[in-house]
Each structure stands twice: as structure tokens, then as C-alpha cells.
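Chemist: I'd like to ask you about the structure that follows.
In the UniProt record's numbering, the protein residues as written are 1 to 181.
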């Protein structure tokens, strides 16, 4: 199955609880139907990206990166690569690369969607259609900052850093996924 086909299947199967997320799901599916190249970063109209809300094994801390280009604390994630077989695989790859943590576990379905304007590696204004997954780190996981981050650290899920208030709903959506594992 191609990454595009996986994206269609993943988003077709997912049923979000919130009306706003359902509206975004429908918009993502429409974009996928209109653009066969929507999973490639070369798609100037916009492209799907995959993010990971990395929680510690207790689900009480979330790993955030201080993004050098955006200058804010964000969840881990990024562009899909030609080698990615699924959106979940892309999110897990990004989380592993950006955190340096081995043994991460990812949920089967997205937990949140977001679309936002950005000037990314294309150098022109575009949109990221971001599909976000819950990821859990093993006990004792110690992140290692990569060159893709200005800083990387654990934050209590109920005390996110200043300027990241928009992440609260995303983190809240990820917490129940995999709880008790």
C-alpha cells in the first residue's frame, strides 16, 4: 500500500470525538482526493506531515522540542519521506530521530489533526496538513537533542511551557491512548 493510500485508509477509519476534528478529517480526505502528491513535501499546495505527541511511560509528561525555525515549543514530527509506508511509521520515525529514544510505541490511529500555513523547506508559503499520533516512551527514557531542535525536554502535561497553550488540546487527546500500558 502506498503512503497516499495509507493516509486515505487511516483518515477514513478514524472517527474523532470533536466536531471540529471531524471537519478537519473531511478536509484532509478532500485534499487527498484532489492531490495524489499530497504526501510529498514537493506538493506546493500543501502536504501531509506526521507528528508524535511523545508521552513518558506514566502519561504524565510530554516531550517537546524548541523548534529552531518557529521559535516555539512543539510536538515532534515532520515531513513524510518516500521510505515511509504509513503515516504512523512517519510519525514514529520522526519521533525516534528527534528524541534519540529507542523503543517508542505508537498508537494505531491519529489523535488530532491540524492544518497551518508555513514556509518550510520549499522556501515558499504552503500548508502542513498535520496528522498527529500518540507515542509512548519506555520507562527510563532519556531524550537526546538532535540538530533539528534548539532544546528538547519533558514537561508536565498539566504545566506546558509559556506560549504553547495551543498544545493543551493535543496533549489532552493523546493521554488516554495506551493508558495503562
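Glycine is no exception: its CB is placed at the ideal position from the N, C-alpha and C atoms.
Give me the Cα-Cα distance between residue 22 and residue 9, rounded to the nearest whole angstrom.
Modeler: The alpha-carbon atoms of residue 22 and residue 9 are separated by roughly 15 angstroms.
Chemist: Within 7 angstroms of any Cβ in chain D, is that where the Cβ of residue 166 sits?
Modeler: Judged by its chain identifiers, the structure shown contains no chain D, having just a single protein chain.
Chemist: When you compare the CB positions of residue 111 and residue 129, do they come within less than 7 angstroms of one another, or not?
Modeler: Their beta carbons are not under 7 angstroms apart, which means residue 111 does not touch residue 129 by this criterion.
Chemist: Measure the alpha-carbon distance for residue 73 versus residue 161 and round it to whole angstroms.
Modeler: Taking the straight line from one Cα to the other gives about 7 angstroms.
Chemist: So, with DSSP's three-state summary, where would you put residue 25?
Modeler: If DSSP states are grouped into helix, strand and coil, residue 25 belongs with the helices.
Chemist: Please classify residue 61 as buried or exposed, where buried requires at least 16 neighbouring CB atoms within 10 angstroms.
Modeler: Residue 61 is buried by the Cβ-count criterion.
Chemist: In chain order, what residues of the same chain have a beta carbon less than 6 angstroms from the beta carbon of residue 90, not counting five sequence neighbours either side?
Modeler: The residues are 50, 80, 84.
Chemist: Which runs of the beta strand (DSSP E), 3 residues or longer, sit entirely within the stretch 79-137?
Modeler: Correct list: 112-119, 125-136.
Chemist: Which partner residues does residue 190 have in the DSSP bridge list?
Modeler: Limits of the chain in this structure are 1 at one end and 181 at the other, which puts residue 190 out of reach.
Chemist: One question on the structure: do residue 159 and residue 53 come within less than 7 angstroms of each other, judged by their Cβ atoms?
Modeler: Not a contact, by the Cβ cut-off of 7 angstroms.
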